[in-house]
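Trainee: Going down the list, the sequences are from chains A and B. Using our numbering, count along the first sequence one by one with no gaps and you end on 409. Using our numbering, count along the second sequence one by one with no gaps and you end on 576. Here a beta-carbon is modelled for each residue, glycine too, at the ideal position from N, C-alpha and C. If you're wondering where the values come from, they're calculated on a predicted model, not measured in any experiment. Quick one: this structure, given as structure tokens, is what I'll be asking you about.
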Amino acid sequence: MPLEAATLNRLEGGGDHEYLWTLNFGPQHPATHTTLRLIVQLSGEDIVKITPDIGFLHSGFEKLGEDLDYNQYVTIVDRMNYISPVANEISWFHAVEKLLDVQITPRCAYIRTIMAELARISDHLLCAGAAALDLGAFTAFLYGFYQREVIYDIYETASGQRFHPSYFRVGGVAYDVTDEWVAKVRNFVRDFPKTHADMVRLLNRNRIFVERTRGVGVLTKQLAISRSITGPVARSAGVVRDLRKDEPYLAYKELEGAFQVVCAQEGDCYARYQVRMEEMIESLKIIDAAIENLPSGPINVDANSKAIIPDQMSVYRSIESLIHHFELIMPNRQWTPPIEEVYGATETANGELGFYVVSDGSGASYRARTRPPSFIHFAVFPELMKGHQLSDIVAVLGSLNIIAAELDR
Amino acid sequence: MAFEETVQRLTEAIGADQIRTSEFRDNRRVIVSPNKLYAVLQCCRDTLGFDMLFEQNGIDYLKYPGARDRFGVVYGLLNMTTGERLFVKVFLNEPDLTLPSAYPLWKGAEWMEREIYDMFGIEFEGHPDLRRILMPPEFTSFPLRKDYPMRGRGERHNFPVITRAES
Chain A
1 MPLEAATLNR
11 LEGGGDHEYL
21 WTLNFGPQHP
31 ATHTTLRLIV
41 QLSGEDIVKI
51 TPDIGFLHSG
61 FEKLGEDLDY
71 NQYVTIVDRM
81 NYISPVANEI
91 SWFHAVEKLL
101 DVQITPRCAY
111 IRTIMAELAR
121 ISDHLLCAGA
131 AALDLGAFTA
141 FLYGFYQREV
151 IYDIYETASG
161 QRFHPSYFRV
171 GGVAYDVTDE
181 WVAKVRNFVR
191 DFPKTHADMV
201 RLLNRNRIFV
211 ERTRGVGVLT
221 KQLAISRSIT
231 GPVARSAGVV
241 RDLRKDEPYL
251 AYKELEGAFQ
261 VVCAQEGDCY
271 ARYQVRMEEM
281 IESLKIIDAA
291 IENLPSGPIN
301 VDANSKAIIP
311 DQMSVYRSIE
321 SLIHHFELIM
331 PNRQWTPPIE
341 EVYGATETAN
351 GELGFYVVSD
361 GSGASYRART
371 RPPSFIHFAV
381 FPELMKGHQL
391 SDIVAVLGSL
401 NIIAAELDR
Chain B
410 MAFEETVQRL
420 TEAIGADQIR
430 TSEFRDNRRV
440 IVSPNKLYAV
450 LQCCRDTLGF
460 DMLFEQNGID
470 YLKYPGARDR
480 FGVVYGLLNM
490 TTGERLFVKV
500 FLNEPDLTLP
510 SAYPLWKGAE
520 WMEREIYDMF
530 GIEFEGHPDL
540 RRILMPPEFT
550 SFPLRKDYPM
560 RGRGERHNFP
570 VITRAES
């Protein structure tokens, strides 16, 4: 948070650095997308040192997680990475259900898988589009945004809310999906490759885009591992790791044959862009396989397990369900998790999003720690910028996909 | 490598009375004392192959049922070759809230340790740049401690207001 530039930019070795020019980048700048600040020290246009200064969007999400119960906190989790909110919900419930030892039904697992992959596509579309936008390619961004709108429409059809759906609950989902939703997902699977091909044609061989991204912000495999980097950023640097394959959750075990893990060797901005573009196609294959094999049956776990709120009709018609509903809503009853702590992580569009949930046996978590990929990826940013020029900041920032709400929580 | 083997090799390197273990679901934990922490982490990285520190967080056990120690710091280690995860846990009590920094072993600890310092006030010796990261530098409390109220202590209302004329 706000710091005197002079105290931050003291260079090693002391001496007179008066010829250096200190530039304040952000917190309000179009290329930072949200609020983050960089204090850049320049020699001409060459970057000498970069000091990130974050915390402008810190809203105490983890403190709120200690106050809200497991179902309520989903509304906060939604607002972390707001580019793909559903993926955060899935990750949160993945950890909570691990704590409560709840096994979700196959239908729910498939619905969650489809939603998670839609979220991944939506995130990658924005990241690739905005990275291009910052480098001056406006059209690809608009094409991407059109398809994001289609994905929002799919969320809305399922949950009634397009941006922050809060669609999942402990042990299931809020409402079952309809035939209309299935039709919309099928339409998306049919139409999306065209947009993807348009974006590829606009960017992959676009001379300005390629020259401004290739060889810029190179992340080595060694640095990626040492800096805890995961997800597409690590995979573009040659780290072969994807939780969907390595630690399968939801329906990924059954859909294992439907997709491949996309990796690259170069580790530069262009490789990150390409990994994201190819991952969208792999995600689309997962959605296609999952929607055609969507199992029937219950969406929620058995109500007798006392993990999920019973459906409205049974609350109205039977005393058991009414009592059960009451018990899950009243703050002094609710779930009875073991007094333990658990870490659960899923592969979201940005990388490994994990939650470390500490439970004291009540209905709300004692500590709800988030392992935010944006926060961890942004720590490497000063190292990526070494030896580059001022105009490369936006290229690298765009390719890392830093979401400030997740960065600061 | 199985968890038993990891623990066995750690006990050989560090000493059996220094290490306790616990398991829950798929999380395997090794609990060590603060003075052995760095040796354990170094052993994990160099001989056991845990090359990534994927997670580091702090917990305040002030109101936790049955807790004897005030703070806990958890290190999540990952072996990239085998995919094995291991949690190293250490407990701390006031007034000595210092730990050796894991930055010399994993660079990823840099910001995570700054966050733990910011939120819990636990200091890391040997950290290159231990400053507050999310909260403003003039902030005096540690907000994720359990004795810090959720609504704050009025910091928000007392923020200095800069008028247009002053700016």
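Which residues, in chain order, does the region 43 to 60 of chain A contribute to contact with chain B at a C-beta distance below 8 Å?
Mentor: Answer set for the region 43 to 60 of chain A: 54, 55, 58 and 60.
Trainee: From the beta carbon of residue 365/A, is the nearest beta carbon of chain B less than 8 Å away?
Mentor: Looking up residue 365/A in the first sequence gives position 365. Chain B, which has no Cβ nearer than 8 Å to the Cβ of residue 365/A, makes this no.
Trainee: The region 422 to 440 of chain B: which residues have C-beta closer than 7 Å to a C-beta of chain A, in chain order?
Mentor: Those would be 433, 434 and 436, in chain order.
Trainee: Pull up the DSSP beta-bridge partners for residue 308/A, would you.
Mentor: Counting from 1 along the first sequence, the entry for residue 308/A is found at position 308. Answer by DSSP bridge pairing: none, since residue 308/A is not bridged.
Trainee: Examine chain B for any beta-carbon lying closer than 8 Å to the beta-carbon of residue 349/A, and answer yes or no.
Mentor: Here the question's residue 349/A lines up with position 349 in the first sequence. Cβ-Cβ to chain B under 8 Å: no for residue 349/A.
Trainee: Would you please state the rounded distance, in angstroms, between the beta carbons of residue 348/A and residue 87/A? I believe it to be under 8 Å.
Mentor: Numbered from its first residue, the first sequence carries residue 348/A at position 348. Numbered from its first residue, the first sequence carries residue 87/A at position 87. Confirmed, about 4 Å.
Trainee: From the DSSP output, in three-state form, read off residue 503/B for me.
Mentor: Numbered from its first residue, the second sequence carries residue 503/B at position 94. Three-state result, residue 503/B: coil.
Trainee: Using C-beta distances below 6 Å, list every residue in its chain close to residue 212/A, excluding the 5 sequence neighbours before and after it, in chain order.
Mentor: On the first sequence, position 212 is the one that residue 212/A refers to. Closer than 6 Å at Cβ, skipping near neighbours: 135 and 395.
Trainee: For residue 466/B, count neighbouring C-beta atoms within 10 Å of its own C-beta (all shown protein chains included) and say buried if the count is 16 or more, exposed if not.
Mentor: Here residue 466/B refers to the residue found at position 57 when the second sequence is read from its first residue. Residue 466/B comes out buried.
Trainee: Any C-beta of chain A within less than 7 Å: which residues of the region 500 to 522 of chain B qualify?
Mentor: Those residues of the region 500 to 522 of chain B that come within reach of chain A (Cβ to Cβ, closer than 7 Å) are 515, 516, 517, 519 and 520.
Trainee: Since residue 393/A contacts residue 38/A with CB under 8 Å, what's their CB separation in whole angstroms?
Mentor: As a first step, residue 393/A must be located in the first sequence, where it is residue number 393. As a first step, residue 38/A must be located in the first sequence, where it is residue number 38. Indeed they touch by this definition, with Cβ atoms about 7 Å apart.
Trainee: For residue 121/A, which option in 384/A, 104/A, 284/A and 355/A has the closest C-alpha, if you only look at C-alpha atoms?
Mentor: For the purposes of this step, residue 121/A is identified with residue 121 of the first sequence, where counting begins at 1. When each option's Cα is compared against that of residue 121/A, the closest is 284/A.
Trainee: Does residue 413/A come within less than 8 Å of chain B when only Cβ atoms are used?
Mentor: This structure gives no information on residue 413/A, because the portion of chain A shown stretches from 1 to 409.
Trainee: Pull up the CB-CB distance for residue 61/A and residue 76/A, whole angstroms please, since I reckon it's below 8 Å.
Mentor: Counting from 1 along the first sequence, the entry for residue 61/A is found at position 61. Counting from 1 along the first sequence, the entry for residue 76/A is found at position 76. Right, their Cβ atoms sit about 5 Å apart.
Trainee: If we cut at 8 Å on Cβ distances, does residue 63/A have a partner in chain B?
Mentor: For the purposes of this step, residue 63/A is taken as residue 63 along the first sequence, with counting starting at 1. Yes, residue 63/A lies at the interface with chain B (some Cβ there is under 8 Å from its Cβ).
Trainee: In the DSSP assignment, find the beta strand (DSSP E) that holds residue 21/A and state where it starts and stops.
Mentor: Taking the first sequence and counting its residues from 1, the one referred to as residue 21/A is at position 21. Segment 21 to 25, the beta strand (DSSP E) holding residue 21/A.
Trainee: Is it buried or exposed, residue 1/A, if we count other Cβ atoms within 10 angstroms and call 16 or more buried?
Mentor: Looking up residue 1/A in the first sequence gives position 1. Its pLDDT being 45, under 50, residue 1/A is placed unreliably by the model, and nothing is read from it.
Trainee: Counting only the same chain and skipping the five closest in sequence on each side, list residues whose C-beta sits under 6 Å from that of residue 234/A.
Mentor: Here residue 234/A corresponds to residue number 234 of the first sequence, with the count starting at 1. So the qualifying residues of the chain are 224.
Trainee: How long is the line joining the alpha carbons of residue 57/A and residue 424/B, rounded to whole angstroms?
Mentor: For this step, residue 57/A is matched to residue 57 along the first sequence. For this step, residue 424/B is matched to residue 15 along the second sequence. Those two C-alpha atoms are separated by around 45 Å.
Trainee: Does the CB of residue 408/A have a neighbour CB from chain B at under 8 Å?
Mentor: On the first sequence, residue 408/A is found 408 positions in, with the first residue counted as 1. Closer than 8 Å: yes.
Trainee: Output needed in chain order: residues of the region 330 to 346 of chain A with a Cβ under 9 Å from some Cβ in chain B.
Mentor: Cβ contacts with chain B: 338, 339, 340, 341, 342, 343, 344 and 345.
Trainee: Residues in the region 365 to 391 of chain A with C-beta within 7 Å of chain B's C-beta atoms, listed in sequence order?
Mentor: Within the region 365 to 391 of chain A, the residues whose Cβ lies closer than 7 Å to some Cβ of chain B are 366, 367, 369, 371, 375, 376 and 379, listed in chain order.
Trainee: I need the DSSP call for residue 2/A, collapsed to helix, strand or coil.
Mentor: For the purposes of this step, residue 2/A is taken as the residue at position 2 of the first sequence. Since pLDDT at residue 2/A reaches only 48, below the 50 mark, its modelled position is unreliable, and the value read off the structure follows with that caveat. Residue state, collapsed to three classes: coil.
Trainee: With respect to 7 Å, is the separation between the Cβ of residue 55/A and the closest non-hydrogen atom of the ligand FAD below this value?
Mentor: As presented, the structure is devoid of all ligands, the ligand FAD included, so that no description of it is given.
Trainee: My understanding is that residue 541/B touches residue 548/B, with C-beta atoms under 8 Å, so please give their C-beta distance in whole angstroms.
Mentor: As a first step, residue 541/B must be located in the second sequence, where it is residue number 132. As a first step, residue 548/B must be located in the second sequence, where it is residue number 139. Contact holds; Cβ gap of about 7 Å.
Trainee: Exposed or buried, what is residue 33/A when buried is set at 16 or more other beta-carbons lying within 10 Å of its beta-carbon?
Mentor: Position 33 of the first sequence, counted from the start, is the residue given in the question as residue 33/A. Looking at its Cβ environment, which holds 16 or more other Cβ atoms inside 10 Å, residue 33/A is buried.
Trainee: Helix or strand or just coil, what does DSSP make of residue 441/B?
Mentor: Working through the second sequence from its first residue, we reach residue 441/B at position 32. The answer is strand: DSSP assigns residue 441/B an E or B state.
Trainee: Mapping the DSSP letters down to three states, classify residue 602/B as helix, strand or coil.
Mentor: Because chain B here runs from 410 to 576, residue 602/B falls outside it and cannot be looked at.
Trainee: For the region 234 to 245 of chain A, list every residue whose C-beta sits within 8 Å of some C-beta in chain B, in sequence order.
Mentor: Under the 8 Å Cβ criterion, the region 234 to 245 of chain A contributes 239 and 241.
Trainee: Shortest alpha-carbon distance to residue 398/A belongs to which of 19/A, 30/A and 22/A?
Mentor: Working through the first sequence from its first residue, we reach residue 398/A at position 398. Per the Cα distances, 30/A.
Trainee: Can you pull the chain B residues whose beta carbon is under 7 Å from the beta carbon of residue 67/A, in chain order?
Mentor: For the purposes of this step, residue 67/A is taken as the residue at position 67 of the first sequence. Here the neighbours are 559.
Trainee: So with CB distances below 9 Å, who are the chain B contacts of residue 231/A?
Mentor: Mapped onto the first sequence, residue 231/A falls at position 231. None at all; the shortest Cβ gap to chain B is about 12 Å.
Trainee: Does DSSP put residue 421/B in a helix, a strand or coil?
Mentor: Taking the second sequence and counting its residues from 1, the one referred to as residue 421/B is at position 12. Correct three-state label for residue 421/B: helix.
Trainee: Chain B partners of residue 198/A, CB-CB under 7 Å?
Mentor: For this step, residue 198/A is matched to residue 198 along the first sequence. In chain order: nothing, as chain B lies at least about 37 Å away.
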